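Every position in the sequence shown, counted from 1, becomes a number in this note's numbering once 21 is added. Here's the structure we're looking at; comments come further down.
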Amino acid sequence: MPFIQDPPRLGNTYDRDPFFREVLGRLLPPPVLAEIEPELRHLGDLAGGRLHEMQLAERLVEPTLTQWDAWGNRVDHIELTPLWKEAAGLAARHGLVASAYERKHAEWSRAHQLALVYLLEPSIDVYSCPLAMTDGAARTLIDLGNAALADRAVPRLTSRDPERAWTSGQWMTEQAGGSDVALTETVARRTPEGWRLDGVKWFTSATTAQMALTLARPEGNGPGGRNLALFYLELKDEDGRPNGVALHRLKDKLGTRKVPTAELTLAGALATPVAGLTDGVRNITPLLNVTRLWNTIAAVAGMRRAVMLAKDYAHRRVAFGAPLSEKALHADTLAGLEAEAEGALLFAFRLAELTGRREAGVASQEEVRLLRVLTPLAKLTTGKQAVAIASEALEAFGGAGYVEDTGLPRLLRDAQVLPIWEGTTNVLSLDALRALAAPGTVEALSAEAERVLASVRDPSLKPAAEAAGRALEHARAWLAAAKDRPEEREAGARRFAMTLGRSLELALLCAHADSCLASGRGGRAAAAARRLWRNGVDLVDEALERDDSRLLAGEG
Ligand code: MFK
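What follows is the structure in structure tokens.
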């Protein structure tokens, strides 16, 4: 009998994720956790079982676009993969969007919703993409106070009935305007029937949605983002005919292959301004901030999935006389990955907590400012980590991680989009600087860091917490020194943002570990905190340190 390797297995991904359960246990009031736990366990079972099996079985199935029917009618039909169809029903029934809006658990409703997302996300082939945009569209319509549009669309966007539920697109990206959305070329013309849009959208994710929010320049408006307007459109008219939207092709992407991302033309599409005829970029930012939150959750869910598989495999794979799990170097490597995933998870759920507080109307001014700056920081930090962790996790399988029919390479391909869409690392680093320029935001961030670090009392955690504190202090000094040096400030923005993001994660992990130690829940989290510290050495980006001393010395 030739040797046959036992493949990695997931099991119930809720039960097998004690760190996640600990985090929820600290974050949620016990009655809330008790109420939602059966559903979390059910989703963990699905994610680690049937959905994961479907995912592996459908590895080669991709969405297809049929533009014409046999008789010459333009149909633009996208056939989704079976798993996507299954995910749509599951998402609606389990309230993956709805639970945030029903607000059954007051300010903990976002954490509840994102816990559901965290569990399902790695097993639904990035169906999280349309859900994120749907959530963002609902938020935007509500925040901008357009009652007519909100009354029409929000009940659909937040429906638990798969037959009624809608998804929304977020059509921003054009050939000229990707990161620089102000370059949008789509034009809006006023006609007797209403506003009509003409233009080409280059990357419209999940184009099977029923509606979209998009940007266009009303005829007569000047250039720039302020002269764009935010529009609402539905893809089909009342009779089910296309509303001036023609799909050119599905994009041939490195990853997220199951997401039917299209390039499309708007040719006289009827659309409604959501909030006036200017300030489109500002008006679409509620959507951006929600999808950036989802991106963060997708990143931490992907990291956890990669680590779970690699850890399970380490018990099944024998090399050099013992299971890999008993090899000191392999175990150390996996512990490093796990620590990254845990720091990132804490960051993501801190963001979820703040979002929930703001939406429930109980956030202080300081928390609102903190949320604004933590959103880009969490998205950019976790996006980068997700790619690095997926890459290392594949390596932990040796050649099997590089072979398609194990289903493992997808982890890396799907992670690679996370630092790109919803704002690249550089764009978000600049966004973090923009947020910090607003009055009170540096103070809000400093207060957060101080509060988290002050809660770390156990002597075994002090060196790691102090390293985080030093890095945060360094970042603060750099920001002050770079204040009047716009070019240097811009050049150092990513180093600054990554230093901040990673040191906040370490601080949060130290605080979490401290509370575990204090409540006698063992030292596992403390070991992870020390491990994360070792991963980051002293966390301060070396180049930032050099910039910093140069700036502080007043050198040009
Ligand atoms: C699992 C997760 C799945 C997610 C699925 C998503 C699939 C979708 C695929 C996509 O990729 S969709 C396209 C994503 N594109 C982007 O994210 C665009 C990236 N670029 C930026 O974010 C730029 O920073 C930005 C376009 C916003 C800059 O544009 P401008 O024209 O230079 O705007 P400006 O002047 O900086 O900001 C305009 C206003 O908005 C300002 O306010 P005021 O008008 O009051 O001065 C800004 O302060 C405000 N603003 C900008 N970003 C904000 C914000 N406010 C709140 N939050 C923000 N994030």
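Note that CB positions come from ideal geometry on N, CA and C, so glycine has one too. Since the model is a prediction, treat every value here as computed from it, not as a measurement.
Same chain, Cβ closer than 6 Å to residue i, neighbours up to 5 away in sequence not counted
{"i": "Val477", "result": "Ala486, Cys531, Ala532, Asp535"}
{"i": "Ala209", "result": "Trp216, Leu218, Ala237, Pro239"}
{"i": "Tyr139", "result": "Ile318, Ala322"}
{"i": "Ala514", "result": "Ser450, Leu451, Leu454"}
{"i": "Arg160", "result": "Pro307, Val311"}
{"i": "Arg338", "result": "Leu345"}
{"i": "Asp426", "result": "none"}
{"i": "Thr225", "result": "Gly190, Trp192, Ala283, Leu285"}
Distance cut-off 7 Å: residue i Cβ against heavy atoms of the ligand MFK
{"i": "Gln191", "result": "yes"}
{"i": "Met519", "result": "no"}
{"i": "Thr194", "result": "yes"}
{"i": "Ala319", "result": "yes"}
{"i": "Ala283", "result": "no"}
{"i": "Ala203", "result": "yes"}
{"i": "Gly382", "result": "no"}
{"i": "Trp442", "result": "yes"}
{"i": "Trp223", "result": "no"}
{"i": "Thr156", "result": "According to the sequence displayed, residue 156 carries Asp and not Thr. No - the ligand MFK has no heavy atom lying nearer than 7 Å to the Cβ of Asp156."}
{"i": "Ser149", "result": "yes"}
{"i": "Ala453", "result": "no"}
{"i": "Leu309", "result": "yes"}
{"i": "Val408", "result": "no"}
{"i": "Asn316", "result": "yes"}
{"i": "Gly246", "result": "yes"}
{"i": "Thr605", "result": "Not covered by the structure: residue 605. The range shown for the chain is 22 to 577."}
{"i": "Asp300", "result": "yes"}
{"i": "Ala514", "result": "no"}
{"i": "Arg325", "result": "no"}
Buried versus exposed, by CB contacts within 10 Å (16 or more), residue i
{"i": "Val383", "result": "exposed"}
{"i": "Thr102", "result": "buried"}
{"i": "Ser385", "result": "exposed"}
{"i": "Glu388", "result": "buried"}
{"i": "Thr87", "result": "exposed"}
{"i": "His98", "result": "exposed"}
{"i": "Asp505", "result": "exposed"}
{"i": "Pro397", "result": "buried"}
{"i": "Gly198", "result": "buried"}
{"i": "Val473", "result": "buried"}
{"i": "Arg390", "result": "buried"}
{"i": "Pro213", "result": "exposed"}
{"i": "Pro484", "result": "exposed"}
{"i": "Ser144", "result": "buried"}
For residue i, the nearest candidate out of the options (CA to CA)
{"i": "Asp156", "options": "Ser120, Glu128, Asp182", "result": "Ser120"}
{"i": "Asn167", "options": "Val295, Arg379, Gln196, Trp187", "result": "Val295"}
{"i": "Arg181", "options": "Pro263, Ala78, Leu152, Asp27", "result": "Leu152"}
{"i": "Val328", "options": "Arg114, Arg30, Tyr122, Ala290", "result": "Arg30"}
{"i": "Ala352", "options": "Glu107, Asp333, Glu184", "result": "Asp333"}
{"i": "Thr445", "options": "Asn316, Asp172, Ala458", "result": "Asn316"}
{"i": "Arg325", "options": "Leu350, Arg71, Leu366, Leu309", "result": "Leu366"}
{"i": "Gly220", "options": "Ser189, Lys348, Ala292", "result": "Ala292"}
{"i": "Arg42", "options": "Leu137, Lys125, Pro507", "result": "Leu137"}
{"i": "Pro480", "options": "Ala539, Ala267, Ala468, Asp435", "result": "Ala539"}
{"i": "Thr274", "options": "Arg62, Trp223, Ile163", "result": "Note that residue 274 is Lys in the sequence shown here, rather than Thr. Measuring from the Cα of Lys274, the nearest candidate turns out to be Trp223."}
{"i": "Leu271", "options": "Pro263, Val280, Asn264, Gly265", "result": "Val280"}
{"i": "Ala335", "options": "Pro23, Leu162, Pro28", "result": "Pro28"}
{"i": "Phe368", "options": "Leu350, Gln406, Glu380", "result": "Gln406"}
Residues near residue i by beta carbon distance below 8 Å, same chain, minus five either side
{"i": "Gly577", "result": "Note that Gly577 scores a pLDDT of 45, beneath 50, so its modelled location is shaky; the value from the coordinates is reported in the next line. None."}
Cβ shell of residue i (< 7 Å), same chain only, five flanking positions each side left out
{"i": "Leu482", "result": "Cys531, Ala534, Asp535, Ala547, Ala550"}
{"i": "Pro183", "result": "Ala109, Gly110, Ala113, Arg114"}
{"i": "Arg552", "result": "Ala356, Gly357, Ala360"}
{"i": "Val202", "result": "Met193, Leu236, Gly246, Val302"}
{"i": "Arg266", "result": "As written in the sequence, residue 266 is Val, which differs from the Arg given in the question. Only Leu256, Leu285, Leu287, Ala290 meet the Cβ criterion."}
Continuous beta strand (DSSP E) stretch holding residue i: start and end
{"i": "Pro294", "result": "283–294"}
{"i": "Glu443", "result": "First-last for Glu443: undefined, no H or E at that position."}
{"i": "Phe41", "result": "From DSSP, Phe41 is part of no beta strand (DSSP E) but of the alpha helix (DSSP H) over 39–48."}
{"i": "Pro239", "result": "232–239"}
{"i": "His126", "result": "Here His126 belongs to no beta strand (DSSP E), and DSSP marks it neither H nor E."}
Terminal residues of the alpha helix (DSSP H) in which residue i lies
{"i": "Thr376", "result": "349–380"}
{"i": "Arg434", "result": "430–437"}
{"i": "Ser467", "result": "462–475"}
{"i": "Tyr423", "result": "Unbroken run through Tyr423: none, as it is neither H nor E."}
{"i": "Phe517", "result": "514–539"}
{"i": "Lys332", "result": "301–337"}
{"i": "Ala227", "result": "It is not in any alpha helix (DSSP H) - Ala227 carries neither H nor E in the DSSP assignment."}
{"i": "Arg542", "result": "Element bounds for Arg542: n/a, residue is neither H nor E."}
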